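Protein chains in written order, with this note's numbering: chain A, 7 to 254; chain B, 7 to 254; chain C, 7 to 254; chain D, 7 to 254; chain E, 7 to 254; chain F, 7 to 254. From the three backbone atoms N, C-alpha and C, an ideal C-beta is built for every residue, glycine too. Bear in mind the structure is a predicted one, so any value in this text is a computation, not a measurement.
Number of protein chains: 6
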Amino acid sequence: MTTEAADVVRPASNALPKALRDKLMRAPVAGLSAQLRKRGLNNVTIEGVRPLLPGVKMVGTARTLRFVPNREDLFASHGGGYNAQKRLFDAVGPGEIIVIEARGETGAGTLGDVLALRAHVAGAAGIVTDGGVRDIEAVAAVGIPVHAAGAHPAVLGRKHVPWDSDLTIACGGTTIRPGDIVVGDDDGVIVVPPAMAEDVVDEALAQEDEDAWIATQVAAGHRVEGLFPLNAQWRNKYEQSRAEEPNR
Amino acid sequence: MTTEAADVVRPASNALPKALRDKLMRAPVAGLSAQLRKRGLNNVTIEGVRPLLPGVKMVGTARTLRFVPNREDLFASHGGGYNAQKRLFDAVGPGEIIVIEARGETGAGTLGDVLALRAHVAGAAGIVTDGGVRDIEAVAAVGIPVHAAGAHPAVLGRKHVPWDSDLTIACGGTTIRPGDIVVGDDDGVIVVPPAMAEDVVDEALAQEDEDAWIATQVAAGHRVEGLFPLNAQWRNKYEQSRAEEPNR
Amino acid sequence: MTTEAADVVRPASNALPKALRDKLMRAPVAGLSAQLRKRGLNNVTIEGVRPLLPGVKMVGTARTLRFVPNREDLFASHGGGYNAQKRLFDAVGPGEIIVIEARGETGAGTLGDVLALRAHVAGAAGIVTDGGVRDIEAVAAVGIPVHAAGAHPAVLGRKHVPWDSDLTIACGGTTIRPGDIVVGDDDGVIVVPPAMAEDVVDEALAQEDEDAWIATQVAAGHRVEGLFPLNAQWRNKYEQSRAEEPNR
Amino acid sequence: MTTEAADVVRPASNALPKALRDKLMRAPVAGLSAQLRKRGLNNVTIEGVRPLLPGVKMVGTARTLRFVPNREDLFASHGGGYNAQKRLFDAVGPGEIIVIEARGETGAGTLGDVLALRAHVAGAAGIVTDGGVRDIEAVAAVGIPVHAAGAHPAVLGRKHVPWDSDLTIACGGTTIRPGDIVVGDDDGVIVVPPAMAEDVVDEALAQEDEDAWIATQVAAGHRVEGLFPLNAQWRNKYEQSRAEEPNR
Amino acid sequence: MTTEAADVVRPASNALPKALRDKLMRAPVAGLSAQLRKRGLNNVTIEGVRPLLPGVKMVGTARTLRFVPNREDLFASHGGGYNAQKRLFDAVGPGEIIVIEARGETGAGTLGDVLALRAHVAGAAGIVTDGGVRDIEAVAAVGIPVHAAGAHPAVLGRKHVPWDSDLTIACGGTTIRPGDIVVGDDDGVIVVPPAMAEDVVDEALAQEDEDAWIATQVAAGHRVEGLFPLNAQWRNKYEQSRAEEPNR
Amino acid sequence: MTTEAADVVRPASNALPKALRDKLMRAPVAGLSAQLRKRGLNNVTIEGVRPLLPGVKMVGTARTLRFVPNREDLFASHGGGYNAQKRLFDAVGPGEIIVIEARGETGAGTLGDVLALRAHVAGAAGIVTDGGVRDIEAVAAVGIPVHAAGAHPAVLGRKHVPWDSDLTIACGGTTIRPGDIVVGDDDGVIVVPPAMAEDVVDEALAQEDEDAWIATQVAAGHRVEGLFPLNAQWRNKYEQSRAEEPNR
C-alpha cells in the first residue's frame with residue numbers, strides 16, 4: 007500500500023534557461039573543455055569519475071554537498087537520521103545536479119538507490135560524486151545520470167560524515183560553486199562558470215561544426231596538414247561550404 | 007578425442023545449506039554490509055575487484071589460496087608443475103569459492119580459462135582474486151562468477167609463487183578464513199562470518215523489504231525526511247502496509 | 007561540400023607479411039606472453055591500458071610518438087599547428103600501430119576522433135596510448151582498434167607537448183622500438199621483437215591447440231594433475247588425438 | 007630600518023589552560039592514540055605529514071583554514087592580495103595551531119617563511135598542513151613546530167585557492183573542528199576532542215608510567231608474557247612498586 | 007622496584023656462524039644485490055622501508071611474523087593479550103631478525119618501544135616491517151637496527167590482526183622464509199638464500215675490492231671507459247696492484 | 007697502486023658565466039619559481055626528488071640522459087659494458103648537471119658512487135634523477151650535489167636500459183632540454199629556460215630583498231595586511247629603507 011504524497015514539496019526552480027540547456031546538451035564536453043582552455047581555464051574537469059551508463063548526456067546547475075572524513079565522535083553527532091545528505095536530497099530542485107565532495111574516497115558508497123530515486127523524482131538533472139555508489143545496479147536503473155568513482159556496498163558512514171551543503175566544494179580535483187554549470191558525457195564531467203556559458207557553448211558548437219566538416223575531409227582521404235587546424239586555404243573552402251549549405 | 011574421466015574425484019561437499027544459500031542469493035551485498043556494520047564489522051569488504059560480468063550474483067564458502075611474491079629461486083622450487091594453485095583447483099568442491107591472495111598485484115594473471123573451467127566443472131560457486139586474470143574473454147565465457155582486479159596476459163610466475171592453501175589469508179584489504187561465507191554482486195564482494203550468517207541475512211532481507219517500500223513512497227513524491235530512515239509515524243504506515251500484504 | 011582528395015599521400019607499406027599477420031590474429035596475447043617468457047622476456051606488456059571496445063583483436067607494427075610533459079614555453083614553441091603528433095598521424099601507413107608515450111598521464115586526451123579517423127583512413131592497424139582519449143564515443147565508432155588509459159575531455163596541451171616520433175619510447179612500463187610487432191586483445195597489449203615473431207607465434211598456436219584439448223578433458227571432468235601441464239601419459243593421449251584429427 | 011609595530015593586534019587568547027597543556031606536552035601522541043581508541047575513536051590521526059624538525063612536541067587548539075583546488079577564474083577573484091590565508095595568519099592567537107586543508111596535494115607550498123614567522127610572533131603553537139611548505143629551510147629555522155607533507159618551491163596558487171577559515175575541515179584523512187586540541191610529535195599528529203581531553207591525557211600519563219615500569223622489567227630480561235599487558239600477578243608488583251616510589 | 011628476572015628464557019641460537027656474519031657485515035647491500043642478480047635473483051629486496059637511523063648495518067636470520075588485515079571479529083578473538091606478535095617477540099633469539107608482513111600498510115604501528123627493547127635484550131639482530139612503528143623516537147634509542155615504512159602513533163589493531171609466525175611471508179614485495187639471511191644498510195634490505203650465502207658474500211667482497219680500486223682510478227681523473235667495468239688492460243693493472251698489496 | 011691518468015679527457019666547458027652562476031647560487035629555488043610563474047611557467051619543477059644532503063645549493067646546465075624500461079632483449083643488446091650511461095658520465099663537463107629520466111621508477115639505482123665520483127672529478131655541478139641511487143652513503147660523501155627519488159641497492163638493469171643522451175627528456179613531471187639551467191635546494195629542483203635566466207634571477211634577488219625586509223617587519227610584530235604583499239604605504243617605507251641602506 008502506498009501513501010498519498012501529502013508532504014511533497016516543490017522547490018523553486020534553479021534550472022538553466024531552456025535555450026542554454028539545449029545548446030549545452032548538444033555540445034560535447036571535449037568541445038567545452040577546449041573553449042574554456044582558450045579563456046585560461048584548464049583545471050575545470052571533475053576527474054576520477056565515470057558515468058554509470060555510457061552514452062548519457064548530463065547538463066545542470068550545481069547543488070553542492072560536502073562529506074568530511076569519518077571521525078567516530080562526529081558521526082555519532084552528525085551522521086545519523088536526517089543528516090546533511092538527506093536534507094540536501096530533499097531540497098534539490100529541477101535541473102540541479104548534486105555534486106558531492108567525497109575526497110576521492112572509494113571505500114564507501116555516498117548514495118544509494120533510494121536517494122537517487124528521490125533526486126530523480128524531484129527533477130534533478132544528475133548526480134556527481136568522487137566517492138562510491140552503493141546499490142549501483144539499482145541506481146543505474148533509476149534513470150538519472152550519475153558519475154562516480156566506483157561501486158562500494160558500504161554505507162557512507164564507513165568513511166564519511168555528511169557535513170554541510172550549498173557551499174564551495176572540491177570534487178575530483180577541481181572546485182565547484184553552488185550554481186556553477188555542470189556538463190557530463192563519456193569523456194568526463196566539466197564545470198562551466200555561468201557568466202561565460204553562453205559564449206563558451208556558442209563557440210563550442212561552432213567548433214563542432216568545423217570539426218565535423220574537417221572529419222568529412224579526412225574521411226575522403228585528405229591529410230591533416232593545413233586542414234586540422236584549418237589554414238587559410240582550407241578555411242576558405244570551409245566557409246564556402248557553409249555558405250552553400252547554411253542549414254547543415 | 008576426449009578421454010574418459012576415469013580420474014575424476016568428487017570432493018565432499020562444503021556447500022552452504024540450500025535454505026541459507028537461497029536467502030543469501032536474494033540479499034544484496036549492500037544490505038549484508040549494513041547488517042554487518044551494525045554488529046561492529048566495517049572491514050569485511052574485498053576491495054579493488056570488479057566482476058567479470060555484470061549482474062551476476064555469487065554465494066559460497068571460501069577455499070583460500072595464497073600467492074607470495076615471485077622470488078626467482080622459490081619459483082624454481084615451488085612454481086612449476088602440480089603447484090599449490092593446481093592442487094587447490096583440483097580439490098575445490100561444490101559451493102566453494104576460491105579466494106586468492108595476490109596482494110593487489112595486477113601485473114600478472116592468477117588464473118586462466120583452463121582452471122576456471124576446472125573449478126566450474128567441480129561445482130565451485132565462484133572465484134575471487136585481488137590480482138589479474140588471463141584469457142579473460144574465455145574465463146568470462148566459462149560461466150562461473152569471477153571477481154578480479156583486472157586483466158593481464160602474463161602467467162602468474164611473472165609476479166607470484168603459489169605457496170599454500172586452506173589457511174587464513176588477506177584479499178582486497180580484508181581477512182578471509184577457510185569456510186567464511188563470501189557473497190558478491192555488482193557492488194562488490196563481502197565476507198560473512200558463518201556463525202552470524204543466518205541473523206545477518208534475515209535482517210538484511212527484512213531491511214530490503216522496508217527499503218523497497220520506502221522507495222515506492224519516494225517514487226510517489228514523498229520527501230525522505232522521516233521516511234528514510236522511518237520515524238514512528240512512517241513506521242506505522244509500513245507495518246500497516248505489511249499487514250495488508252503479507253506475501254509481498 | 008567535400009573537396010576532392012587531391013592531396014592524399016599513400017605511404018609505403020610497413021605492414022606485416024600477410025601470413026605472419028594472419029597467424030598473429032589467431033594467437034591470443036596470453037599465449038604470446040607465455041612464449042616470450044620462455045625466451046626470457048617478461049617485461050613486454052604495455053600496462054595500464056584498456057581496449058575501447060571489447061572483443062577486438064589488434065596486430066601491427068609500431069610507429070612511435072613521444073609526448074613530453076607540458077612546459078608552457080615549450081608548448082608555445084612546439085605544441086601548436088602542424089606539430090609532431092599531426093605529422094605522425096599524416097605519415098602513418100597501412101598495418102602500422104601508432105604507440106604514444108604519454109607517461110601514464112590520464113589528465114588529458116592524447117588523440118581525438120579526427121586523428122583516429124585519419125589513421126583509420128590511412129590503413130593503420132591500431133592506436134595504443136598510455137594516456138587519455140577525448141571524443142571517446144566517436145573514437146570508438148571510427149572502427150580502428152584503440153587501447154588507452156582512459157577518457158578525458160581536455161586537449162593534449164593540458165599535460166603534454168608532442169615532441170618527436172620514430173624513436174624508441176616507453177609506454178605502459180615497457181619499451182617499444184619502431185617496427186616492433188604489437189598485438190592487443192582483451193587481456194592487454196604485448197610487444198613482440200620482430201626477429202623472434204615467427205617462432206613465437208608458431209609455438210603459441212601449437213600451445214593453443216594443446217590448451218584447447220586440455221580444456222576439453224577438463225570439461226569432461228578430469229583433474230588437472232598430470233594434465234595441465236601434460237605429463238608423459240597425457241601427452242601420449244594428446245599426440246594420439248592429433249594424429250587422429252590432424253585438421254582440428 | 008624597521009618600522010614601529012604600531013599596528014600590532016593582540017588577539018584574545020584561545021590557548022589551552024596551562025595545566026592541561028603541560029600534561030599534553032608530557033603525553034606521547036602514541037599514548038593519546040591508545041586512549042582515544044578505547045573510547046572508540048580510531049580515525050583521529052592526521053596522516054601523510056612529517057615534522058620539519060625531529061624531537062619537537064606540539065600542543066595547541068585548532069584554527070582551521072581551507073584551500074580548494076586552483077580554478078583559474080577563482081584564483082583571479084580570491085587568490086591574491088589579502089586572501090583567506092593571509093587573513094587567518096593575521097588572526098591567529100597564542101596557543102593556536104593553524105591546520106590547513108590542502109587535500110594531500112604536495113605540488114605547491116601552502117605557506118612560507120614570512121607567514122611562519124607571523125604565526126610564531128603571534129604566539130601560535132604550531133602549523134599543520136597536508137600540503138607542501140616552501141622556503142622549508144627558513145621555515146624550520148623560525149622556531150614554530152610545523153608538520154607538512156613535504157617541500158615544494160611553488161606558491162600556493164599553483165594548486166590552490168585559499169577559500170575560508172574557522173570551519174570544520176579535512177586534513178590528512180581526519181576531520182578537525184575549530185577548537186579541537188591538536189598534539190604532534192615524531193609519531194604523528196592527533197586530534198583530541200576537547201570534552202574528553204582531561205580524561206584522555208590523565209589516562210595516557212598513567213599508562214606511560216605503567217609502560218615505563220614494564221620497560222624496566224623487559225630491560226632486566228623478563229619476557230612479555232603476562233607482563234605486557236600486565237596480568238594480575240605483574241599488576242600487583244607494579245602497584246607495589248608505585249606504592250614504594252610514589253614520586254616516580 | 008625491579009623484579010628479579012626469574013622467568014627469563016634463553017632460546018637456542020639460530021645466529022649465523024661468526025665468520026659468515028662478519029663477512030656480511032662488511033659487504034654492502036648493493037654488492038650483495040649485484041651478486042644475487044648474477045644468479046638470476048632480481049626480486050630479493052624488501053622495498054618501501056627506511057632505516058630508523060642512518061649508517062647502521064644489520065645482519066641476521068629471519069624470524070617471520072604475519073599480520074592480516076584488521077577484521078573486527080578476528081581482532082576480538084586473536085588480537086589482544088598474549089597474541090602472535092607478543093609470542094614471537096618472546097621467542098626471538100640471538101642473531102635473529104624479526105621480519106613482519108604488514109602488507110605495506112602505514113596507518114598503524116606494528117611495534118613500539120617495549121617490544122623493540124624485548125627483542126634487543128633477547129639479542130635479536132634487527133627488526134624489519136613494511137608497516138609503521140610507534141614510539142619511533144624511543145624505538146630508535148633502543149639500539150636495535152630497525153627498518154620500517156614510517157611512523158604512526160596507533161596500535162597495530164587499528165589496521166592489523168597478528169596472526170601467525172615462523173612461516174613464509176611477503177614483506178616489501180619479496181618473499182622471506184624462516185631462516186633466510188637478511189642484510190640491511192642505507193641502500194635497503196635484501197634477502198639472501200642461506201645455501202648461496204658464502205659464495206655470494208665472497209664474490210661481493212671481491213667486487214668491493216675491485217670497485218674500490220676502480221674508484222681510486224676515477225679519483226685520479228681516469229674515464230670510466232674500459233675501467234668500469236674492467237677491460238683486459240685495466241684488469242691486468244688491477245691484478246698487478248693486488249699482487250703488490252695483497253693485504254689491502 | 008694507482009695508474010697515471012694518461013687517458014683523462016677534459017671536455018669543453020658548458021658552464022654558466024660566473025656572474026650568472028653566482029646570482030643563481032644566491033637565489034632560492036622558491037624565488038625563481040615565483041618569477042617563472044609570473045612569466046606563465048608553472049610546470050618547471052622536477053618533483054618527487056629529495057636532496058641527498060640538506061642545505062646544499064646546486065646550479066648548472068643540464069646534460070640529459072634517458073633510461074627506458076628494462077626489456078630483457080634490449081638490456082642484452084644495450085645495457086652492458088660501455089653503455090649510454092657510462093658514455094654520458096665520461097662526457098660530462100664542468101658546470102653541467104646530469105639529469106636522468108628514470109620515469110619515477112624507484113625500484114633500482116640509476117647511479118652509484120663510482121659514477122658520482124667520475125662526475126665530480128669532471129667538475130659536474132650536480133646530478134638529478136627521478137629514480138633511485140645505490141651506494142647512497144658513499145654517493146653523499148663524494149661531495150657532488152645529488153637529488154633523487156630514493157635509495158635502492160639494485161643496479162639499473164633491474165628496471166632500466168640506458169638508451170640515449172643529449173636529447174629533450176622528462177624528469178619528475180617536467181621537461182628538460184640540453185642546456186637548460188637547473189637549480190636545486192631544499193625546496194626542490196627547478197628548470198630555468200636560459201633565455202630568461204638573467205631577468206628571472208635579478209627579479210628573484212630583488213624580491214628576496216623585499217621579502218627579507220618584510221620579514222623584519224613581521225618579526226617586529228606587524229600584521230601581514232598591506233605588508234605582504236606591500237601596499238603603497240608599506241612600499242614607500244621599503245623604498246625609503248633601501249635608500250638609507252643601499253648596500254643591504
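- Contact between Asp141 (chain D) and Asp215 (chain F) is ruled out by a C-beta separation of about 15 Å, above the 8 Å threshold.
- In this structure, the alpha-carbon of Arg229 (chain E) lies about 37 Å from that of Leu58 (chain E).
- Between Ala238 (chain E) and the set F:Trp219, F:Gly87 and F:Arg27, the nearest pair of CA atoms involves F:Gly87.
- Residue range Ala238 to Glu250 is occupied by the alpha helix (DSSP H) that includes Glu250 (chain C).
- Under the three-pair Cβ rule at 8 Å, the region 139–159 of chain F does not count as touching the region 22–34 of chain F.
- Cβ neighbours of Gly185 (chain B) within its own chain (closer than 8 Å, five residues either side excluded): Asn20, Thr67, Ala68 and Pro200.
- Counting the other Cβ atoms within 10 Å of the Cβ of Pro34 (chain A) gives 16 or more, which makes it buried.
- Contact with chain E is absent for Arg56 (chain B), since none of that chain's Cβ atoms lies less than 8 Å from the residue's Cβ.
- Taking 8 Å as the threshold, the shortest C-beta distance from His158 (chain C) to chain A falls below it.
- CA-to-CA, the gap between Ala212 (chain C) and Ser247 (chain C) works out to about 14 Å.
- Put simply, the CB of Pro184 (chain D) is far from chain A, with every gap to its CB atoms at 8 Å or more.
- According to DSSP, residue pairing for Pro168 (chain C) in a beta bridge involves C:Phe73.
- The Cβ-Cβ distance between Thr180 (chain E) and Asn49 (chain E) falls below 8 Å.
- Ranked by Cα distance from Phe95 (chain E), the options E:Arg72, E:Gly190, E:Arg164 and E:Ala221 are led by E:Arg72.
- By the Cβ-count criterion, Arg124 (chain C) is buried, with 16 or more other Cβ atoms from all chains shown falling within 10 Å of its own Cβ.
- Beta-bridge analysis with DSSP links Met64 (chain A) to A:Gly190.
- Look at Thr180 (chain C) here: in three-state DSSP terms it is strand.
- When DSSP reads this structure, Glu102 (chain A) sits in a beta bridge with A:Thr67.
- When the Cα atoms are used, His84 (chain A) and Thr70 (chain D) turn out to be separated by approximately 19 Å.
- Under the DSSP assignment, Gly37 (chain B) falls in the alpha helix (DSSP H) whose first and last residues are Val35 to Lys44.
- Between Asp191 (chain F) and Val120 (chain D), the gap from beta carbon to beta carbon reaches 8 Å or more.
- Three or more beta-carbon pairs separated by less than 8 Å link the region 108–120 of chain B to the region 160–178 of chain B, which places the two stretches in contact.
- Across the set C:Ala146, C:Lys44, C:Val139 and C:Ala114, the C-alpha of C:Ala146 shows the shortest separation from the C-alpha of His126 (chain C).
- In this structure, the alpha-carbon of His158 (chain E) lies about 51 Å from that of Lys243 (chain B).
- Residues of chain A whose Cβ lies closer than 7 Å to the Cβ of Val127 (chain C) are, in chain order, Val224, Ala225 and Gly227.
- In the structure shown, Val145 (chain C) falls within a helical segment according to DSSP collapsed to helix, strand and coil.
- Excluding the 5 residues flanking it on each side, Thr51 (chain D) has same chain C-beta neighbours closer than 8 Å at Ser39, Gly178, Gly179, Thr180, Gly194, Val195, Ile196 and Val197, in chain order.
- Looking from the CA of Val134 (chain A), the closest CA among A:Phe81, A:Gly149 and A:Arg56 belongs to A:Arg56.
- In this structure, Val167 (chain A) keeps its C-beta atom at 8 Å or more from the C-beta atom of Phe234 (chain A).
- At a cut-off of 8 Å between beta-carbon atoms, Asn76 (chain F) makes contact with chain C.
- Residue-level contact check: Ala221 (chain A) touches chain C, since one or more beta carbons of chain C fall below 8 Å from its beta carbon.
- In this structure, DSSP gives His126 (chain B) a helical state, which the three-state scheme calls helix.
- When 7 Å is used as the limit between beta carbons, Thr174 (chain F) is near these residues of chain C: Val74 and Trp169, in chain order.
- With contacts defined as CB atoms closer than 8 Å, Arg77 (chain B) and Gly113 (chain B) fail to qualify as a contacting pair.
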